[in-house]
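Position one of the sequence shown corresponds to residue 12 (this note's numbering), numbered consecutively onward. For glycine and all other residues, C-beta sits at the position ideal for the given N, C-alpha and C. Reviewing the structure listed below.
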Amino acid sequence: MCHNERVGKTIYKKMKKIVICSPTYNEVGNIEILCTEIFKVNKNFHVLIIDDNSTDGTLELIKKLKFKFKNLNLIKRKKKLGIGSAYRVAFDYAFEKKHDALITLDADLSHNPKEIPLLLKKLKSNDFVTGSRYIKGGKSDYKGYRDFISRFANKLCRFLLNMPFFEFTTSFRIYNYKCIELLRNKNLDSDGYSSLVEFFFYIYKSGFKCSEVPIYFRVRHKGDSKIPKLQVFYSSMKLIELFIKNLLIQKRK
Ligand SMILES: Nc1nc2c(ncn2[C@@H]2O[C@H](COP(=O)(O)OP(=O)(O)O)[C@@H](O)[C@H]2O)c(=O)[nH]1
Ligand SMILES: [Mg+2]
């Protein structure tokens, strides 16, 4: 058992109910490895997959995996509705089932489940923790255009939203119950990367304690990106909206 796994087991014993959620759309080549890796960290984790009617056999595979992993749960939606709304379903689920915390991560193994204990450990002194590729110790395997856009977008978020962090757009995060409750009451409707920025924005601006932990972000294991390229454009629009909101918040102070 490696150090991270030991830490994961000890912390999990103290924090009773944690749900780990991954949205999926056509992840048949990744989902079994993802579940195996998560349950290797702790077999008592509660895992929720929110699938948008995948057409590549992901759903059928998850149904089979449910026999192997007793804590694996599935919410199936009728069609591809985007990650923003998938995360909102996860917030409702965690809230209604009274989980102490919600961890989210991508199904394509870009996020390494072995790093879950790092998030858990850091949550002890925070309300929200995001994995970060761009702080000391963090790493990203993105190259070229994607690397440039991601670094640039994250710097822009830091500057425009006046938030002292380096990562806003990765979904490898942990939210405590208070943050989940807050976000559920905000009536949010954003999608794609902007939903991740928006969740963080409202949590931080509401005065909750936030922090980053370094993660190693890998390129997806199997398949292609499922988020439409246009999302980068929509996210820029959302960023401008949040920038204006932030100016109004500062004016009121
Ligand atoms: N349920 C659901 N999951 C999605 C949707 N779009 C993407 N995903 C999942 O969200 C995660 C991140 O998507 P990914 O394609 O890896 O985005 P990228 O890393 O930015 O290229 C993966 O687990 C996808 O399967 C969607 O519309 N609905
Ligand atoms: Mg990905």
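Cutoff 6 Å; reference residue i; Cβ partners in own chain excluding five residues on either side
i	result
F228	S121, R144 and S151
A97	P34 and I61
R88	D63
F80	C46 and F50
R231	D119 and S121
F254	L171
E126	I226
K197	Y213
D67	N37 and V39
K91	Y36 and D63
Coil, strand or helix - residue i by DSSP
i	result
L129	helix
E223	strand
S217	coil
P239	coil
K150	strand
Y156	helix
N165	helix
Y245	helix
N53	coil
L259	helix
P124	helix
L172	coil
E192	helix
E178	coil
V39	coil
T47	helix
S65	coil
Range of the contiguous beta strand (DSSP E) that encloses residue i
i	result
S143	F139 to S143
V58	H57 to D62
K87	L83 to K87
A118	From DSSP, A118 is part of no beta strand (DSSP E); its letter is neither H nor E.
V30	I29 to T35
N187	R184 to N187
Beta-carbon spacing of residue i, residue j below 8 Å
i	j	result
F56	N82	yes
L85	K77	yes
S205	L258	no
L59	V30	yes
I238	I114	no
L130	I185	yes
G102	R169	Sequence inspection shows Phe at residue 102; the Gly mentioned does not correspond to that position. No, they are not a contact pair.
L193	S222	no
T141	F211	yes
F244	I191	no
K28	K133	no
P124	E48	yes
N41	G203	no
S201	T180	no
P128	V52	yes
Run of the alpha helix (DSSP H) containing residue i, from where it starts to where it stops
i	result
Y98	I94 to E107
V230	Unbroken run through V230: none, as it is neither H nor E.
L199	From DSSP, L199 is part of no alpha helix (DSSP H); its letter is neither H nor E.
K135	It is not in any alpha helix (DSSP H) - K135 carries neither H nor E in the DSSP assignment.
K79	T69 to K79
8 Å Cβ cutoff, residue i in contact with chain B
i	result
S33	Annotation note: the requested chain B is absent from the structure, which comprises a single protein chain.
Same chain, Cβ closer than 8 Å to residue i, five either side skipped, listed in chain order
i	result
V100	I61, I86 and R88
Q242	D202, G203, Y204 and S205
Rounded Cβ spacing between residue i and residue j (contact assumed at less than 8 Å)
i	j	result
K189	D138	6 Å
F177	N165	6 Å
L199	S182	The pair is not a contact, with the Cβ atoms about 15 Å apart (cut-off 8 Å).
Beta-carbon proximity list for residue i, same chain, < 7 Å, skipping 5 on both sides
i	result
E43	L72 and L76
V224	L129, L130, K133, V140, G142 and S143
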